[in-house]
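Visitor: Encoded as structure tokens, here's the structure I'll be asking about.
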Amino acid sequence: MKTLIATVAAACLLASPVWAHEPAPAGKAQPAPAPQLDAHTQEDIERHRGMARAHEQAAQCLASGSKYDDCQKQLQTACKGLALGKNCGMRHAH
């Protein structure tokens, strides 16, 4: 019985427009438009994205097996001017 229920549920999910990447049926509520953001907020968003990119690159550097110090130098270079501190404001416990 559980298998039948799971199969029916899966079939319903797969048939839904969300899973099929089809537009929502007419009459359904559409998501609200994004709010208009002031220039300061937009700059802050870009700064955060820059910090995220710098940290992702540092993570990839470490994952590749590179030396910790080399990855830290890369992070410090990428973070220069983005945020407070030489590591884009991120502190580690070690």
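With the sequence shown counted from 1, adding 434 to any position gets you the numbering used here.
The beta-carbon is built from N, C-alpha and C at its ideal position, and this holds for glycine as well.
Determine the DSSP secondary structure at leucine 509, reduced to helix, strand or coil.
Guide: helix
Visitor: Between arginine 481 and leucine 518, which are expected to be in contact by the criterion C-beta below 8 Å, what is the C-beta distance as a whole number of angstroms?
Guide: Not really, about 11 Å apart at Cβ, beyond 8 Å.
Visitor: Between alanine 492 and the rest of its own chain, which residues show a CB-CB distance below 7 Å, the 5 nearest in sequence each way excluded?
Guide: Cys505, Gln508, Leu509
Visitor: How many Å lie between histidine 489 and alanine 468 at the Cα?
Guide: Looking at the two C-alpha atoms, the distance is approximately 27 Å.
Visitor: Give me, in chain order, the residues of the same chain whose beta-carbon lies closer than 7 Å to that of alanine 512; leave out the 5 immediate sequence neighbours on both sides.
Guide: Ala488, Gln491
Visitor: Can you give the Cα-Cα distance for isoleucine 479 and aspartate 472, rounded to whole angstroms?
Guide: 11 Å
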